[in-house]
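Numbering (the numbering used here), first residue to last: 77 to 435. All residues carry an ideal CB built from backbone N, CA and C; glycine is no exception. Right, one structure below, let's go through it.
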Ligand SMILES: Nc1ncnc2c1ncn2[C@@H]1O[C@H](COP(=O)(O)OP(=O)(O)OP(=O)(O)O)[C@@H](O)[C@H]1O
Ligand SMILES: [Mg+2]
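Listed below in structure tokens is the structure:
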């Protein structure tokens with residue numbers, strides 16, 4: 077999509093944006109070829125709300141978050157597009173949701189430089205899909221969280237320790253003071269994931285990327301942690317980009333949803349509209365592939381036919397057309413549809429609703 081078209085689209089939110097991802101294209105250059113991970117991702121993160129990002133494995137959810145954090149692997153290249161963080165003044169209750177005071181183009185920053193390091197931790201934080209990749213094995217869990225608090229919040233060691241123990245307790249770690257002194261390898265997978273969540277929340281960032289933060293947890297703990305994140309989010313006025321493949325979690329956690337397929341957003345709207353009035357055939361297929369709690373119908377679940385195509389190859393036309401139940405030959409296999417607003421607060425990228433073609 078051209079930048080013109082992207083900016084011409086009316087926002088789907090009631091809130092202003094805190095982060096703007098515009099036409100982002102990211103490829104990985106590897107020994108076996110070029111992996112086209114993101115092919116023009118455009119969306120805003122609404123201030124003080126939870127935006128869910130959903131889609132099947134490999135569609136580019138983690139890469140999008142890592143690109144915002146400027147933590148992409150060296151083999152990745154940002155070919156096109158930009159990411160802008162809008163800094164807002166803090167309101168009296170500490171929420172960073174006031175007027176815009178400044179903006180910074182994250183894509184212009186040196187990924188190894190001081191500025192992005194300061195932004196990571198103070199303004200942007202991420203709970204990683206793989207806890208072991210971000211917990212340092214040679215420091216105790218408590219020291220790692222406390223250090224981040226000292227670095228970004230100007231408090232002394234004793235105060236940082238108190239805050240760390242409190243947040244470990246809040247994420248449901250029994251014996252938080254004892255956990256403080258443990259090393260990551262001494263914790264279970266679920267406990268490590270909770271330590272990651274504690275770390276992500278500890279600095280009260282403006283935007284928290286939560287990449288499948290509860291997948292390693294049992295359902296009871298997952299529900300508790302989701303409740304906790306929702307409470308803290310509302311209390312702190314934080315924006316969360318909640319990445320998950322679980323639509324049940326989306327319903328519980330999110331205000332808005334962006335559906336991704338093969339490195340593009342294909343539908344974006346409020347969580348209610350997505351569940352009650354999905355428009356993109358991919359979204360409908362995702363919804364049909366999950367069990368409905370309370371449903372009396374004993375309907376068989378319908379997995380989406382086919383698999384997500386290999387990102388090393390490119391498909392002519394709409395990337396979803398080989399799997400789509402509404403495929404229109406001669407149309408969907410010829411060009412990529414542009415994302416268009418089909419109603420207030422509802423954007424869709426599909427030729428069923430508009431003939432507009434991506435430039
Ligand atoms: N370091 C890398 N080198 C090469 N390709 C990569 C790399 N990291 C990601 N990719 C590719 O980019 C695409 C998007 O990956 P990404 O990790 O964002 O998927 P995802 O939506 O987060 O999936 P999942 O639900 O499995 O976590 C995939 O095709 C993946 O193979
Ligand atoms: Mg991922």
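Starting from residue 111, follow the alpha helix (DSSP H) in both directions and report where the run begins and ends.
-> Within the chain shown, numbered from 1, the residue matching residue 111 stands at position 35. For residue 111, there is no enclosing alpha helix (DSSP H); the enclosing beta strand (DSSP E) has its first and last residue at 109 to 122.
Could you check where the beta strand (DSSP E) with residue 228 kicks off and where it finishes?
-> The residue given as residue 228 occupies position 152 in the chain shown. For residue 228, no beta strand (DSSP E) encloses it; the enclosing alpha helix (DSSP H) starts and ends at 217 to 229.
CB-CB length for residue 127 against residue 332, believed under 8 Å | The count along the chain shown starts at 1 and reaches residue 127 at position 51. The count along the chain shown starts at 1 and reaches residue 332 at position 256. Residue 127 to residue 332, Cβ: 5 Å. Contact.
Cα-Cα separation between residue 224 and residue 240, rounded to whole angstroms | Looking up residue 224 in the chain shown gives position 148. Looking up residue 240 in the chain shown gives position 164. So the two alpha carbons sit approximately 10 Å from each other.
Near ligand 2, which residues have their beta-carbon closer than 7 Å to a heavy atom?
-> Qualifying residues come out as 137, 138, 205, 287, 288, 319.
Compute the distance between the beta-carbons of residue 403 and residue 131, then report whether it is under 8 Å.
-> For this step, residue 403 is matched to residue 327 along the chain shown. For this step, residue 131 is matched to residue 55 along the chain shown. No; because the gap between Cβ atoms is not below 8 Å, this pair is not in contact.
Alpha carbon to alpha carbon, what distance is there between residue 222 and residue 207?
-> For this step, residue 207 is matched to residue 131 along the chain shown. For this step, residue 222 is matched to residue 146 along the chain shown. Straight-line Cα distance between these residues: approximately 17 Å.
Do residue 317 and residue 141 have their CB atoms nearer than 8 Å?
-> Counting from 1 along the chain shown, the entry for residue 317 is found at position 241. Counting from 1 along the chain shown, the entry for residue 141 is found at position 65. It is a contact, given that the beta carbons lie within the stated cut-off.
Let me know the beta strand (DSSP E) ranges lying completely inside the segment 229 to 289, each 3 residues or longer, listed in chain order.
-> Runs of the beta strand (DSSP E) inside the segment 229 to 289: 283 to 287.
Sub-8 Å separation of residue 122 and residue 93 beta-carbons = Sequence index remark: in the chain shown, residue 122 carries index 46 (1-based). Sequence index remark: in the chain shown, residue 93 carries index 17 (1-based). Between residue 122 and residue 93, the CB-CB gap stays under 8 Å.
Residue 358 versus residue 160: straight-line alpha-carbon distance, rounded | Counted from its first residue, the chain shown places residue 358 at position 282. Counted from its first residue, the chain shown places residue 160 at position 84. Between residue 358 and residue 160, the C-alpha separation is close to 29 Å.
Taking Cβ positions, are residue 180 and residue 164 nearer each other than 8 Å?
-> As a working note, residue 180 is residue 104 in the chain shown. As a working note, residue 164 is residue 88 in the chain shown. Cβ distance not < 8 Å, so residue 180 and residue 164 don't count as in contact.
For residue 101, three-class secondary structure by DSSP = On the chain shown, position 25 is the one that residue 101 refers to. Note: residue 101 maps to strand in three-state DSSP.
With a CB to CB cut of under 7 Å and the five nearest residues on each side skipped, what residues in its chain are close to residue 393?
-> Residue numbering aside, residue 393 sits at position 317 when the chain shown is read from its first letter. 408, 409, 410, 411, 412, listed in sequence order.
If we ignore side chains and look at the alpha-carbon of each, how far apart do residue 264 and residue 292 end up?
-> Sequence index remark: in the chain shown, residue 264 carries index 188 (1-based). Sequence index remark: in the chain shown, residue 292 carries index 216 (1-based). Straight through space, the alpha carbons of residue 292 and residue 264 are spaced by roughly 10 Å.
Whose C-beta lies closer than 6 Å to the C-beta of residue 252 among residues of the same chain, with five residues either side of it excluded?
-> Residue numbering aside, residue 252 sits at position 176 when the chain shown is read from its first letter. Excluding sequence neighbours, residue 252 sits near 241, 244, 245.
State yes or no: is the C-beta of residue 400 nearer than 7 Å to some heavy atom of ligand 1?
-> On the chain shown, residue 400 is found 324 positions in, with the first residue counted as 1. No, since every heavy atom of ligand 1 falls outside the 7 Å radius drawn around the Cβ of residue 400.
Between residue 340 and residue 115, which are expected to be in contact by the criterion C-beta below 8 Å, what is the C-beta distance as a whole number of angstroms?
-> Taking the first residue of the chain shown as 1, we reach residue 340 at position 264. Taking the first residue of the chain shown as 1, we reach residue 115 at position 39. Confirmed, about 5 Å.
Candidates 91, 88, 118, 271: closest to residue 99 by CA position | As a first step, residue 99 must be located in the chain shown, where it is residue number 23. The shortest Cα separation from residue 99 among 91, 88, 118, 271 belongs to 118.
Would you kindly work out how many angstroms separate the C-alpha atoms of residue 348 and residue 385, rounded to a whole number?
-> Indexing the chain shown from 1 puts residue 348 at position 272. Indexing the chain shown from 1 puts residue 385 at position 309. Straight-line spacing of the CA atoms in residue 348 and residue 385 works out to 29 Å.
To the nearest whole angstrom, what separates the beta carbons of residue 97 and residue 135, a pair I think is in contact under 8 Å?
-> Stepping through the chain shown from its first residue, residue 97 is reached at position 21. Stepping through the chain shown from its first residue, residue 135 is reached at position 59. Contact annotation, residue 97 with residue 135: C-beta distance approximately 15 Å; criterion of less than 8 Å not satisfied.
Nearest neighbour of residue 306, chosen from 185, 328, 320, 323 [CA to CA] = For the purposes of this step, residue 306 is taken as residue 230 along the chain shown, with counting starting at 1. Comparing C-alpha distances from residue 306 to each of 185, 328, 320, 323 shows the shortest one belongs to 328.
Check whether the Cβ of residue 395 lies closer than 7 Å to any heavy atom of ligand 1, and answer yes or no.
-> The residue labelled residue 395 in the question sits at position 319 within the chain shown. No, since every heavy atom of ligand 1 falls outside the 7 Å radius drawn around the Cβ of residue 395.
Distance, Cα to Cα, residue 209 vs residue 269?
-> Stepping through the chain shown from its first residue, residue 209 is reached at position 133. Stepping through the chain shown from its first residue, residue 269 is reached at position 193. Roughly 11 Å between the two C-alpha positions.
Can you round the beta-carbon distance between residue 380 and residue 365 to whole angstroms, since I take them to be within the 8 Å contact cut?
-> Against the chain shown, residue 380 aligns to sequence position 304. Against the chain shown, residue 365 aligns to sequence position 289. Confirmed, Cβ separation roughly 6 Å.
If you drop the 5 nearest sequence neighbours on each side, which residues of the same chain put their C-beta closer than 8 Å to that of residue 308?
-> Looking up residue 308 in the chain shown gives position 232. For residue 308, where only same-chain residues beyond five positions count, the Cβ hits under 8 Å are 246, 277, 314.
On the three-state DSSP scale, how would you describe residue 197?
-> Along the chain shown, read from residue 1 onward, the residue named residue 197 stands at position 121. Residue 197 falls in the helix class under three-state DSSP.
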